[in-house]
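What follows is one structure encoded as structure tokens, with my remarks underneath.
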Amino acid sequence: MAERCAVIGVGQTHHKAKRDDVSIAGLVREAAKMALADADLTWTDIDAVVIGKAPDMFEGNMMPELYLAPALGAVGKPMFRVHTAGSVGGSTALVAAHLISSGIHKRVLTVAYEKQSDSDAMWALSVPQPFAAPLLAGAGGYFAPHIRAYMRRSGAPEYIGRMVAVKDRRNAMRNPYAHLHIADIDMKMVEESMMLWDPLRYLEACPSSDGAAAMVLSSEDALSGQYPPAWIHGMAMRSEPTMFAGRDQVNPRAGRDCSADVYAQAGITDPRRQIDVAEVYVPFSWYEPMWLENLGFCDLGDGWKLTESGATAFDGDIPWNTSGGVLSSNPIGASGMLRFLEVAMQVRGQAGEHQIGGARVALGQAYGGGSQFFSMWVVGSDKP
Amino acid sequence: MSAAAARRTPRPVSIASFAQAHNVRRDDEHNEVEMLMPVVAEVFGTIGITKDDIDFICSGSTDYLIGGPFSFVTALDAVGVWPPKSESHVEMDGAWALYEAWVLLQEGEIDAALVYCFGRSSPGNLNEILALQLDPYYVAPLWPDPVSLAALQARALIDAGKATEADFAAIASRSRRDALDNPKAQVANDIPAEKLLEDEYIVSPLRRHALPPITDGVAAIVLAAGDKARQWSKPVWITGFDHRIETHSLGARDLTSSPSTARAAEGAGVSDGPIDVAEIHAPFAHQEIILKEALGLDDTVVVNPSGGPLAANPLMSAGLIRIGEAATRISSGRAHRAVAHATSGPCLQQNLVCVLEGE
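Heads up: the protein sequence lines correspond to chains W and R, in order.
Residues in the first sequence are numbered from 2 upward in steps of one, following our numbering.
Residues in the second sequence are numbered from 1172 upward in steps of one, following our numbering.
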């Protein structure tokens, strides 16, 4: 049967538009060394390395894990490369966790990164393919119609997206590692920002960031570190096809199934009551109310009401994206792992200014592709 | 950690089914999904199951072959994951996708996994594409192509007195002669080694015959554990599985040896019993010599009876095909214990070893 697995070390870079002070190897090492220090370990204590990132074309390096093996202390060890679209940071952490829960390894280093300044993700996403409809507008252009569909279905007022944009950026002011620190952000500033993909304005979209995230995962008999472990209570991945007649792209079944699986493992029957804090992949403001419904925090059509009521704010009863979220830092390949990492920090009590007092159970979620790939975990301060 | 920790007794997992496309130089008529669909249908059909019997899916591929991001996304349509499935993807050869699926099956909570992989090399120029695998700051800007790098390795092997050009020709001759019995092979012929030595050099000391063909191909395997392993087919058990990586810097490596393969072989327990057959992912002929030594195989072991990667080398699939071919030798009663190997990166930088046993 599966062994218990815990997060015993976390590390991340200062995320920025351009980290031209470091190479890609320097970037991933910065996060990895911080995670090792947090776990009170060194490179030699690690059994295996699992690395993830979004498409290789974002930097122009094919299978860059080959080049990064020495920088991550992987020489002589198993090294594994995950790529599952935008959910990859979360999936990478899950692949690493399974190496422990399967009993194969004791301590695994998992790393995810993106150095977006090396290239242009929007155009890398827009390479024309034979027999495929051209996207030509990056992720925002793809998701804007789904957001419109959500607004029409739920009757949500236009300002809800702006509320999320302001809330997450204010949370980012508490997080020294966040890319965007917009001290004076308010509804008016968001409303006056340029329209990019109707209804999404510039300040309702995620930035392009350089950054990396790293975690050390451990089996129960190999615990160490500066803070108590964050125990994994449940983990799951789900995928569904991009397109077919009848697919609900606003409320994808893969997301609902994935959360049902992870809640069942973690014994969660009432997410809003039982989950103390959540980090959810919200690259465009409206995905907060959409995922509130998809993740079962409220009834269908009520997600925007929860956002409007302030329930997801830092002082609300279910704070979402205390780190500032993807809206404040978006090194794409690492963005999913940062969600998983933030909730581990919360239940370990090491989140500093963005710590939610008494956080004991937390949900991390990442999604990717055309809202079709999902990865999630629930971590807790109590041993499962 | 050591190889010893990896030598815990694994949960028995069987290669229940294997299928591959006919390997060809250029498949202009099908996209990746269309290439995969018949192979996925076959890998299910031969054991009478459907996708509904599968608990987990993992695939292996690389975007750089198709020349666009997220090539695995549409490939998933070859399976049709509705209702949604637990699914993952590695930007690695399918052999590593198989490893991920095997890891999940070790936990004992699921019993069946589909692994597939695809590589279509024909649309691009492999010499340019594979140069992008190298250190992006210090090596890739020089655009060293994979054949030139392999030639450096072959030269080092000759200089070390470990092999001759005649050895390379003998390996190529044997591989493509054996491929005559493999209906999926791309290059199969019976040309004596002496004749092959008349080939021109592509990059000295590698003559044309010592290079792998450029191949379009896909492959799939179904893994089964628990009751399903016996219900679905005569089991071919994975008894050892490990993979290791070396440094990227070619100048820091002894290219005439493969310590990562040796380490993985130790972890997988290759030497725990006699090996009948080895399917070795040695894209260049001379690499078979290096890998055979690292795996600790003597001359009694039958190497690459399928013809190996010299007969068909679909990128991202050739490693998984080694495992499938080795399993087929066991399930057909021609071998009892086999080792399969997969490689990735320049000059055998990363290596995977899988030990298979019949009952």
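Ideal placement from N, C-alpha and C gives every residue a C-beta, glycine not left out.
Where residue i meets chain R, residues with beta-carbon distance less than 7 Å
i, result
"W/Gln-130", "Gly-1239"
Residue i: contacting residues in chain R (beta-carbon distance under 8 Å)
i, result
"W/Ser-103", "Val-1274, Leu-1275, Gln-1277 and Glu-1278"
"W/Pro-56", "Asp-1234, Pro-1240 and Phe-1241"
"W/Asp-258", "Pro-1254 and Pro-1255"
"W/Ala-125", "Pro-1240"
"W/Ala-3", "Glu-1278, Gly-1279 and Glu-1280"
"W/Leu-100", "Val-1274"
Residue from the options whose Cα sits closest to the Cα of residue i
i, options, result
"W/Asp-199", "W/Met-152, W/Ser-260 and W/Asn-176", "W/Met-152"
"R/Ala-1246", "R/Gly-1231, R/Ser-1257, R/Pro-1254 and R/Ala-1340", "R/Gly-1231"
"W/Ser-286", "W/Gly-353, W/Met-188, W/Ala-97 and W/Thr-45", "W/Met-188"
"R/Trp-1253", "W/Leu-224, W/Cys-6, W/Lys-17 and W/Met-244", "W/Met-244"
"W/Tyr-160", "W/Gly-91, W/Gly-325 and W/Leu-201", "W/Leu-201"
"R/Pro-1209", "R/Arg-1196, R/Phe-1189, R/Arg-1197 and R/Asp-1447", "R/Phe-1189"
"R/Asp-1352", "R/Val-1184, R/Asp-1370 and R/Gly-1478", "R/Gly-1478"
"W/Val-112", "W/Gly-226, W/Met-190, W/Val-29 and W/Gly-156", "W/Val-29"
"R/Ala-1497", "R/Arg-1508, R/Met-1487 and R/Ser-1488", "R/Arg-1508"
"W/Tyr-143", "W/Val-380, W/Ser-372 and W/Val-379", "W/Ser-372"
"R/Pro-1480", "R/Asn-1202, R/Arg-1348 and R/Ser-1185", "R/Arg-1348"
"W/Lys-385", "W/Gln-366, W/Thr-85 and W/Val-362", "According to the sequence provided, residue 385 of chain W is Pro. The question's Lys does not apply to it. The residue with the shortest Cα to Cα distance from W/Pro-385 is W/Val-362."
"R/Val-1374", "R/His-1201, R/Ser-1515 and R/Phe-1455", "R/Phe-1455"
"W/Ile-52", "R/Ala-1483, R/Arg-1505 and R/His-1260", "R/His-1260"
For residue i, the residue or residues it bridges with in DSSP
i, result
"R/Lys-1485", "According to the sequence shown, residue 1485 of chain R is Pro rather than Lys. In DSSP, R/Pro-1485 forms a bridge with R/Thr-1386."
"W/Lys-116", "W/Asp-211"
"R/Ala-1396", "R/Val-1184"
"R/His-1414", "R/Leu-1523"
"R/Ile-1228", "R/Glu-1258 and R/Leu-1285"
"W/Arg-82", "W/Ile-52"
"R/Tyr-1270", "BP columns for R/Tyr-1270 are empty, so no partner."
DSSP-derived helix/strand/coil call for residue i
i, result
"W/Gly-302", "coil"
"W/Gly-297", "coil"
"R/Ala-1177", "Residue placement at R/Ala-1177 is poorly supported in this model, since its pLDDT is 45, which falls under 50; the coordinates still yield a value, given next. Reduced to three states, the DSSP call for R/Ala-1177 is helix."
"R/Asp-1234", "helix"
"R/Phe-1339", "helix"
"R/Phe-1215", "helix"
"W/Arg-5", "coil"
"R/His-1512", "strand"
"W/Val-109", "strand"
"W/Leu-197", "strand"
"W/Ser-324", "coil"
"W/Lys-384", "coil"
"R/Met-1172", "At R/Met-1172, the pLDDT of 40 sits below 50, so the modelled position is not reliable; the number obtained from the coordinates is stated separately. If DSSP states are grouped into helix, strand and coil, R/Met-1172 belongs with coil."
"R/Lys-1405", "coil"
"W/Ala-18", "coil"
"W/Gln-13", "strand"
"W/Ser-376", "strand"
"R/Ile-1373", "strand"
"W/His-234", "strand"
"R/Ala-1192", "coil"
"W/Arg-202", "strand"
"R/Phe-1243", "helix"
Chain W residues whose Cβ lies nearer than 7 Å to that of residue i
i, result
"R/Asp-1248", "Pro-242"
"R/Ile-1300", "Met-63"
"R/Val-1244", "Ala-86, Thr-243 and Gly-370"
"R/Arg-1434", "Gly-77"
Contacts of residue i in chain R (Cβ-Cβ under 9 Å)
i, result
"W/Arg-254", "Trp-1253, Pro-1254 and Pro-1255"
"W/Gly-61", "Leu-1303, Pro-1307 and Ala-1311"
Chain-ordered chain W contacts of residue i [CB-CB under 9 Å]
i, result
"R/His-1201", "Neighbours of R/His-1201 on chain W: none; closest Cβ ~11 Å, over 9 Å."
Residue i: contacting residues in chain W (beta-carbon distance under 8 Å)
i, result
"R/Gly-1516", "Met-64 and Leu-67"
"R/Arg-1291", "Within chain W, no residue comes near R/Arg-1291; the closest Cβ sits about 12 Å away, beyond 8 Å."
"R/Arg-1179", "Gly-104 and Ile-105"
"R/Gln-1324", "Those within 8 Å of R/Gln-1324 in chain W number zero; the least Cβ separation is about 16 Å."
"R/Gln-1520", "Leu-67 and Ala-70"
Taking a cut of 8 Å between CB atoms, which residues from the stretch 20-54 of chain W lie near chain R?
So the close ones are Ser-24, Ile-25, Asp-48 and Ala-49.
| said: Please list, in chain order, the residues of the stretch 68-81 of chain W that have any C-beta partner in chain R closer than 7 Å. | reply: Considering only beta carbons, the part of the stretch 68-81 of chain W lying closer than 7 Å to chain R consists of Tyr-68, Ala-70, Pro-71, Ala-75, Val-76, Gly-77, Lys-78, Pro-79, Met-80 and Phe-81, in chain order.
- prompt: What residues in the stretch 1396-1422 of chain R have a beta carbon less than 8 Å from any beta carbon of chain W?
  reply: So the list reads Asp-1413, His-1414, Arg-1415, Ile-1416, Glu-1417, Thr-1418, His-1419 and Ser-1420, given in the order they occur along the chain.
Determine which residues of the stretch 224-251 of chain W have a Cβ less than 8 Å from any Cβ of chain R, and write them out in chain order.
Answer set for the stretch 224-251 of chain W: Ala-237, Met-238, Arg-239, Ser-240, Glu-241, Pro-242, Thr-243 and Phe-245.
When you check each C-beta in the stretch 84-98 of chain W against every C-beta of chain R, which residues fall closer than 7 Å? Within the stretch 84-98 of chain W, the qualifying residues are His-84, Thr-85, Ala-86, Ser-92 and Val-96.
- [ ] Anything in the stretch 174-187 of chain W with a Cβ closer than 8 Å to a Cβ of chain R? List those residues in chain order, please.
- [x] Within the stretch 174-187 of chain W, no residue qualifies.
Check: Using a Cβ cut-off of 7 Å, which residues of the stretch 366-379 of chain W contact any Cβ in chain R, in chain order?
Finding: Of all residues in the stretch 366-379 of chain W, Gly-370 have a Cβ within less than 7 Å of some Cβ in chain R.
Contact residues within the stretch 1257-1271 of chain R, judged by C-beta distance below 7 Å to chain W: Listed by position along the chain: Ser-1257, Glu-1258, Ser-1259, His-1260, Val-1261, Glu-1262, Met-1263, Trp-1267 and Glu-1271.
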